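A.B. asks: In our numbering, the protein residues as written are -9 to 204.
By construction, the Cβ of each residue, glycine as well, lies at the ideal position given by its N, Cα and C atoms.
Owing to the predicted nature of the structure, the values given are computational and were not obtained by experimental measurement.
(1) Below 8 Å, can you find three or more Cβ-Cβ pairs linking the region 136 to 144 to the region 152 to 170?
(2) Under three-state DSSP, which class holds residue 193?
(3) Applying the criterion that 16 or more other CB atoms from any shown protein chain within 10 Å of the CB defines a buried residue, is residue 191 buried or exposed?
(4) In three-state terms, what does DSSP make of residue 186?
(5) Cα-Cα, which of 184, 152, 128, 13 is closest to residue 65?
(6) Whose C-beta lies closer than 7 Å to the C-beta of residue 72 among residues of the same chain, with five residues either side of it excluded?
(7) If you compare alpha carbons, which of 16, 60, 45, 38 is closest to residue 3?
(8) Could you tell me if residue -7 is buried or exposed, where buried requires 16 or more neighbouring beta carbons within 10 angstroms of its beta carbon?
(9) Using only the alpha-carbon positions, how far apart do residue 196 and residue 179 sit?
(10) Short check: CB of residue 24 to CB of residue 8, under 7 Å?
(11) Give the straight-line distance between the Cα atoms of residue 85 and residue 1, rounded to the nearest whole angstrom.
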């Protein structure tokens, strides 16, 4: 196979995966159709089947790519250079920025929840990527916070990660409801900044060491 053919094949595959990602995000696994994905990618349905035997396999590959990209954006040694509270604030910033830069994340996240991971294969890198990030980044931040006296001990790192993730992405997943009830446009820069500051304050408040009784 020549370099030109390899490049062409790689470009075609990327187009299929991008079209599939957008379709799954907008319509969910059940609503996304291979015919529409092929059309969006400007390829034949037969070519999609050449790369992926089933829609489940295609979904799994899309999810894996998203997991790798997201945790690459979240995972940085810069956390080690920050104080524990600053590192938590930076983590929240990165989660929020991910959802700004990658608007398809919420659709995929909600769809996974609806299907309870039904289409996440055993070979999927999604859950291993989460575990690696929690063990490699979250645990050290929490441990340092205990040593410095900024955080209380005994915080479960996995429960903490998912709590922060749910809070930080809340204004994206519930944008309309939050905007209507709070009277704030949470799709605006000001609304996102307001939510970011609230999530940081709430999270750090929950991590603080309890004051000793007088």
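C.D. replies: According to the structure data:
(1) no
(2) helix
(3) Counting Cβ neighbours within 10 Å, residue 191 comes out exposed, since fewer than 16 surround it.
(4) Reduced to three states, the DSSP call for residue 186 is helix.
(5) 128
(6) 80
(7) 38
(8) Low local confidence applies: a pLDDT of 43 at residue -7 is under 50, so the model's placement there is unreliable, with the coordinate-based value given in what follows. By the 10 Å Cβ count, residue -7 comes out exposed.
(9) 26 Å
(10) no
(11) 28 Å
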